[in-house]
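Per our numbering, the very first residue in the sequence shown carries number 416; after that it's consecutive. For each residue, glycine too, the CB sits at the ideal point set by N, CA and C. As the structure is a prediction and not an experimental result, all values here were calculated from the model.
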Amino acid sequence: MSRAQAESVIKNIIREIAQECAGKGHAVSETLVAFMLCVDKLVDQGSPALDTIKMQVYFDMNYTSRREFIEEHQRVLQSRLVPVSREITDSRVKTREDLEGLYHKIVSYVLLCSGLGSPTDITTVREATAALQSVFPQSELGTFMSLIKKEKEQQLNDLSMIVTGIRLFNKDSRKGGEGIDDLPAILNEAIPSTSKDIEWELELSQRLAWQYTAWLERLLDPEVETRECIVPLDMLKQALYNVRQHEAFLKVILADVILCAKQVETLQTELATRMKLLRVTIHSKTAVPTAQVFPHFTALAKFWSGLQDEMVLLSILGNMMENLQPFLAAQSQLFPDGQLEDILGSEIKNYEQRMKESSENRIDPYEIKTQEWLLPETTANFDKLPLQYNGICGYTLVKKDGLLLPGNPSIGVLKHREKYYVFSSKEAALRFGSKPDEYIAHVAEKAKRSPELIQLLQLHQQFACVTPYSEMRSGERLLVKPITKCDSSTQTDTHLLETNIVKSYEWNEWELRRKAIKLANLRGKVTHSMQTNLSHMRRDNVTQTYLPKDVACQSKRDGKSNVPKPQVYLAGLRGGKTNTTHMIKTNLTRSVDD
């Protein structure tokens, strides 16, 4: 069966299952059916496992990176502006009324593009019109109409940025800004509120997860006597998987909100700095060169657009957090509120308590020399290691029949085949390290029986046929990865066609124009030639030379001389009995001839 035929068969099966579910009164999507090919489980409304899978499908289909969120928002905005832009660029004005109507359309386009006020509000339209007239008076519409379509679209975008910057500056100067919300103040209030809501939901899910964990540890411990539980053991495990998956998704959303807060802080700082610089540039001047102020207005518009994007992103993240709540319905009905906490009491241990207890007994790398162990004090960037199973202890998952217990990296991280594993205790680490491949296979078997573990433990590499929706390529409909590896070979000829390069070809019409003018000028010229001192050497000539002869000559002779040392004596310098000094000079220097 070919790949296309196999995909067709799978689609038919999925479609039939979806129709059968619809016949029983349960509407499910084909994507969800592709994830769980089982009618009984799809219609089981009291199954936490089904809720977990629905949650995973919803998150994979709706969550993406912040860059793609913003790009999608920009695409939506541009699609809304296309009809208005086309109406402006394709218009053919003939009368004065047509020119006025076209100018009003440009004002509406500027307002829609900036998102600062409604085009139906009279005060906002007047303010935007005044800002537009200061940079693009109505008298320039004739020049605008003479442009090609792309140039018109570019000028519309430039005018929108400049007018937006002017209105923002007027709002900051308290001279306008009608219809412009105080976006920085709104974000400064919305971000802490959203973070607080997510942290509250995260704390509830973590508290519930530790309650389920403590209850399962009691039920799975053969040495502890427990009364019979009214909830089946498998249902408790499914509930634990459900709240753990909810916790993991909330952490992802919270991380994006924190990043959003940092980006907003940066944009607000840049906006305030640019506004101050623009105020210094203008400084109550009646006229300022456009080359000095237009870049500042454009920068203000860009920073404000960035704040608008962050506001949209924050709203999307908040909605995703709220939309995850319905997927907790099944597990919330297993126990009344507070019942588990009343039963377990002090047995419930949170993350910090468990990490503190297990950190006292750490791995000694010399105990298992066949494996490589990483410790915090000997490993750089230890806290950034990509841990397998989403940080869950694989040994506990296998030995305690699917119990999820977070590992403690401080005990020691096992590096096996370029992958990193953490464990809840030293004993678990030693046992897993003795047979790592065997336990890895057992974890995969557990995931096959509980499909929600594939996403929760991030086992997509072990299950190559399943991939998160966010990692799918555009155009793929099923959550199934095709086989992309095959043995093949190709051979190509070096040169299929002979090269025919015309070196005199010229694509630039202005260069052709220059050459044509040059040729036209040459027709009225006369060529002259003359001989110069520099050009006469270019003639073909021959010169006869003779090789140098071996000759020698005497240019100097060696000699020496000895000069006598001067010997001159002076007497009578100290004076005598008379007042007058008489000096006597005696020269005893030998003659040169002696």
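- With 16 or more other Cβ atoms from the protein chains shown falling within 10 Å of its own Cβ, C808 counts as buried.
- Residue state for V448 is assigned as helix, using DSSP reduced to three classes.
- DSSP, read as helix, strand or coil, puts A986 in strand.
- Going by DSSP, V708 is part of the alpha helix (DSSP H) stretching over 705-738.
- H711 counts as buried, since at least 16 other C-beta atoms from the protein chains shown sit within 10 angstroms of its C-beta.
- In the three-state reduction of the DSSP assignment, L829 falls in the strand class.
- DSSP places W788 within a strand segment (E or B) once states are collapsed to three.
- DSSP places I778 in the coil class of the three-state scheme, outside both helix and strand.
- Only residues of its own chain outside the window of five on either side were considered, and among them L514, E515, Y518 have a CB closer than 8 Å to the CB of Q553, listed in chain order.
- For the pair P599 and Q683, the CB atoms are nearer than the 8 Å cut-off.
- Taking 8 Å as the cut-off, the Cβ atoms of N657 and L743 count as close.
- Residue environment: K652 is assigned as buried (16 or more neighbouring CB atoms within 10 Å of its CB, all protein chains considered).
- Distance from the CA atom of A442 to the CA atom of L465, rounded to whole angstroms, is 14 Å.
- Ranked by Cα distance from P463, the options A654, S423, L527 are led by A654.
- Taking a C-beta distance under 8 Å as the contact criterion, F718 and R694 do not qualify as a contact pair.
- DSSP places T1001 in the strand class (E or B) of the three-state scheme.
- With a 10 Å radius around the Cβ and a threshold of 16 neighbouring Cβ atoms, H997 comes out exposed.
- The DSSP-derived three-state label of P637 is coil.
- No Cβ-Cβ contact shorter than 8 Å links V646 with L759.
- Inclusion of S773 and S839 in the CB contact set at 8 Å is warranted, their separation being smaller than that value.
- In this structure, DSSP gives L655 a helical state, which the three-state scheme calls helix.
- Taken atom to atom, the span from the alpha-carbon of P751 to that of S588 is near 58 Å.
- Apart from sequence neighbours up to five positions away, the residues of its chain that approach F551 with a beta-carbon distance below 6 Å are L574, ordered along the chain.
- Within the DSSP secondary-structure output, Y854 pairs in no beta bridge.
- Contact between I613 and V672 holds, with the beta-carbon distance rounding to 6 Å and staying under 8 Å.
- For the options P791, G822, G532, Y920, the alpha carbon positioned closest to that of R769 is the one of G822.
- One alpha carbon belongs to V983, the other to K964, and they sit about 58 Å apart.
- The beta-bridge partner set that DSSP reports for L602 is empty.
- In this structure, K815 lies near L635, with their beta-carbon atoms less than 8 Å apart.
- Take K520, set aside five residues on each side of it, and the residues of its chain with a beta-carbon closer than 8 Å to its own are V499, E502, I503, S506, in chain order.
- Annotation for D724: I485, H488 place their beta carbon closer than 7 Å to its own, counting only its chain and skipping 5 residues before and after.
- Considering only A624, L1003, Q746, the residue with the shortest C-alpha distance to L820 is A624.
- Listed in chain order, the non-local C-beta contacts of Q660 below 8 Å within the same chain comprise T467, M470, Q471, E867, Q870, L871, local neighbours out to five positions each way being set aside.
- Where K565 is concerned, the enclosing alpha helix (DSSP H) starts and stops at 564-587.
- Judged by beta-carbon spacing, R481 lies within the 8 Å limit of L728, meaning their Cβ atoms are closer than that value.
- Membership of Y836 in the beta strand (DSSP E) is indicated by the continuous run 834-836.
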